[in-house]
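Below is one structure, written out as structure tokens; comments come after it.
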Amino acid sequence: MSIPLNQVPAHRVNGSAPSRTNPLAIAAFATSFFIGITGVILGHIALHQIKRTGEDGRWLAISALVIGYLATVLFAYFLASLLSATS
1 MSIPLNQVPA HRVNGSAPSR TNPLAIAAFA TSFFIGITGV ILGHIALHQI
51 KRTGEDGRWL AISALVIGYL ATVLFAYFLA SLLSATS
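According to full-length UniProt numbering, the stretch in the sequence shown is residues 1 to 87, in order.
The following block contains the structure:
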């Protein structure tokens, strides 16, 4: 007996439910490239949610934190050098 093409099985072969990636981890990773501090905040919240719920996406959240902190430090350095150059 085969599964019809228009139906997707609701469980894996081993009987467990399919794992879900935390949406906040995805959002944190995406925003960390553009607005570093937003990626940092969302990344911390996502890590807390992942720890509580057991969802996937831990490495996305950690990557968002690293990229977000780097972007924030680079922005602060750029801003400080810009302000000191105009003085």
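Just so you know, even glycine gets a beta-carbon here, dropped at the ideal spot from N, CA and C.
Using 8 Å for Cβ pairs, my map puts residue i next to residue j. What's the rounded Cβ distance?
i	j	result
ILE37	GLY68	7 Å
ALA85	ILE50	Actually they do not touch by this definition, with Cβ atoms about 42 Å apart.
GLY43	ALA28	4 Å
GLU55	SER32	About 19 Å separates the two Cβ atoms, so there is no contact after all.
When the distance is taken between beta carbons, is residue j closer than 7 Å to residue i?
i	j	result
GLY39	ALA76	no
ALA61	ALA46	yes
#### Entry: Runs of alpha helix (DSSP H) wholly within the UniProt domain "DUF4190" (25-76) (minimum 4 residues, chain order)
36-53
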